[in-house]
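Residue numbers (the numbering used here): 684 to 1518.
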């Protein structure tokens, strides 16, 4: 085998004598000889290939170039049609070539179904082949189950070209209970021994014996001796005497079938013993007894299709007046308004018999998209498929088969829907394209909208960006911006409390910086009391989970640190623990300061626990709930309309808005701004727009506590500007600063367990880039991460800021070698850049 990392969009060899196959492992695609010689390339299909003495499943991602030496041959092709879409493979090839992320890693991260198929594997020796050299127990010319031979033996025979193999995909099976036909029930269970009277016997009977015989002659046969004696009114000794004197004999009669057998036969089958027992009105042990006597069997049958999410009603038809360009956008307004406008374009594509893919960044957006758009499928003669990790494995497999067969042409899903083999894809929709939830935080680190754009570009398929606000990168595209929803805002300006009367109707002239109140300002406290008094609902967004960002000794200012990371441990009051939110390390709260012995600690930086405690003190008798990654209270009473306050992180936006929501409070907006990330303002603006449009109908008061009351993102909302206004100004600012989308950015992360080694590795990487022709304007750094040590590693960052991807690819060629530290490249960096 020869490794062949795909360096360009997938191309097929005219003869397809060599196939490039990606295994779902962090490896590049490898070349294999085509099965049985040159033939049509089975692009996107799953295949089985020899791998380390056994067989491994892979996906054909293109035609291989071959390297002149002997290649191992593909053992078998499992699919009759593509399991993975062609556009996805081309997008992965483009991204892999640029980022140096192995094709197999991208595949394993995003292909969430079909990697462990069930199949029958049979083998036989090639006609007239002599396999005696391989041992005594070897395949014969007859088909034999492959499991009867060691995998290493089969691989050795396979490598010599002396093995024929047959693979057949098997349906998913399930166990059920079925009644045996009467004739197949064991004979000893179908008959029973009974007793009947004989006409005469040479031995005379006593009077009582005569009575027993006469009863039996009149009422027999009888199934048991005890029953005979009881019903004849005589004892067991009398009955035995009648038998011994030859006046009765045993006979074999058909047995009465068990009631459970009759119930099972009438029903056809039951999936569980408990369901069978319930239908028969019997206990589980009685059912087990019927099975033990072999009146029924547990059999494997093809599993019925699993229940899938039901589509919702289709939105009302409206004219399709959206742009016709290859890339376009739709933003602003509320979710419902955007989906109605988007539905018109999707309906047109489905009516033409074509396919549509809609991608969502997280569960809440996915749920809303499904409720708004899935009804389009039925009215256009197709099916809608919801595909994400929330489905079970069985549901994912069945849904994928519906897509593969062409039965479902509208696919709405998470990033896992990207590889779907949608027939004749005519539109790719990316919802909330700027959301950081699209960024995979491990593995390949792919940013899903970037891969979706590569995929659409490869297929020349229209791409639509739809969401609350456009990402700055989306600004240049043709688009439609809907009117901003009605909003009510009030700003608490911690930096300038004297200006409070101008910032909102609740502020008073008497407020001063020393008495503004934090984490709940006087203004926020006033509105919270009104919410409680009127039986309404409020949401408070906290900067972080836990009780506080850190605890500090008031005497010497020592702060307990994580033993694996150079960051303070966060206090979690309900567990009485200090926890690291980077690596998960936790410890109890020290009784004394390790440095000076002081017994008191002061908490700094309020989190959800702290703010919830403050709200509970402020509003006695009013229910206060918490909702964050660590702790999620049951919000059902609030969803049912009861009064209360929820304190949570941004995770709250994954839930539906409370029905009687009257207030949304951001306790410290600066948290979203004080980041070393040029996208921080964009992220803050998106949050504000999402909050004012969160409730589908109402306009709750949005109260923002901040030290930056004049920030342009906030002012654009306060002044009633549309959703495009702030991204447009950011677009021009980035042009001046030469940041994306006016440049291509990549982050190079260098890590080692030894700090000096990490620093030397970072310098080595920088020198390699400069040697390749990079300029000082293109290489930013290297510099240590703001967090010096994370999970025991010392990270250093280096940024490449170049004019386009071609220039980036040329410079990254310099990193195709080993360095003193581990080097990883991220061509779609999100979050803090650390430089």
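Glycine included, each C-beta is placed from N, C-alpha and C at the ideal position.
This one's a predicted model, so the numbers in the text were calculated from it and none came from an experiment.
Just measuring C-alpha positions, the residue of 729, 711 and 979 sitting nearest residue 1104 is 729. Segment contact: the stretch 974-985 against the stretch 1124-1142, fewer than three CB-CB distances shorter than 8 Å; contact not assigned. Residue environment: residue 1437 is assigned as exposed (fewer than 16 neighbouring CB atoms within 10 Å of its CB, all protein chains considered). Going by C-alpha positions, residue 1050 is about 48 Å away from residue 1447. Listed as beta-bridge partners of residue 923 by DSSP are no residues whatsoever.
The C-beta distance from residue 1504 to residue 1433 rounds to 5 Å, short enough to meet the 8 Å contact threshold.
Taking 4 residues as the minimum length, the alpha helix (DSSP H) runs contained wholly in the stretch 1123-1181 are 1131-1142, in order along the chain. In this chain, the alpha helix (DSSP H) harbouring residue 1322 covers 1319-1322.
Under the DSSP assignment, residue 1395 falls in the alpha helix (DSSP H) whose first and last residues are 1395-1401. CA-CA distance, residue 859 to residue 1380, rounds to 49 Å. Positions of the alpha helix (DSSP H) runs, each at least 4 residues long and wholly inside the stretch 1462-1499, are given as 1488-1495 in order along the chain.
Distance between residue 939 and residue 957, taken at the CA atoms: about 23 Å. For the set 1475, 863, 1461 and 1266, the Cα lying nearest the Cα of residue 981 is the one of 863.
Taken through DSSP and simplified to helix, strand or coil, residue 1347 comes out as strand. A Cβ-Cβ distance of about 15 Å is found for the pair residue 1297 and residue 1257, leaving them out of contact under the 8 Å criterion. Contact check between the stretch 1366-1379 and the stretch 1260-1279: fewer than three CB pairs, one atom from each, fall below 8 Å, which does not count as touching. The three-state secondary structure of residue 747, taken from DSSP, is coil. Between the C-alpha atoms of residue 1273 and residue 1255 there is a straight-line separation of about 13 Å.
About 7 Å separates the Cβ atoms of residue 1494 and residue 1485, confirming a contact at the 8 Å cut-off. Under DSSP, residue 1262 forms a beta bridge with 1253 and 1269. Your pair residue 1431 and residue 1483 checks out as a contact, with CB atoms roughly 7 Å apart and the cut at 8 Å. Counting along the chain, the unbroken alpha helix (DSSP H) around residue 1442 starts and ends at 1438-1454.
Spatial neighbours of residue 851 in its own chain (CB-CB distance under 7 Å, excluding positions within 5 residues in sequence) are listed in chain order as 802 and 803. For the options 835, 900, 1513 and 1011, the alpha carbon positioned closest to that of residue 1144 is the one of 1011.
Of 734, 1069 and 934, the smallest CA-CA separation from residue 995 is found for 1069. For residue 1014, the enclosing beta strand (DSSP E) begins and ends at 1010-1015.
Apart from the 5 residues on each side of it in sequence, residue 1506 sits with its Cβ closer than 8 Å to the Cβ of 1431, 1432, 1433, 1444, 1448 and 1498 in its chain, given in chain order.
For residue 892, same chain residues with a beta-carbon under 6 Å away, outside a window of 5 residues either side, are 921, 924 and 925 in chain order. Taking 7 Å as the cut-off, the Cβ atoms of residue 1367 and residue 1356 count as close. According to DSSP, residue pairing for residue 1433 in a beta bridge involves 1479 and 1506. By the C-beta density criterion, residue 747 is buried, having at least 16 other C-beta atoms within 10 angstroms. Comparing alpha-carbon positions, the option among 828, 832 and 805 lying closest to residue 817 turns out to be 832.
Bounds of any alpha helix (DSSP H) do not take in residue 876; it lies within the beta strand (DSSP E) bounded by 874-880.
With 16 or more other Cβ atoms from the protein chains shown falling within 10 Å of its own Cβ, residue 1063 counts as buried. Distance from the Cα of residue 1397 is smallest, within the candidate group 1426, 1418 and 1365, for 1365. Taking C-alpha positions only, residue 1307 is separated from residue 1021 by approximately 33 Å.
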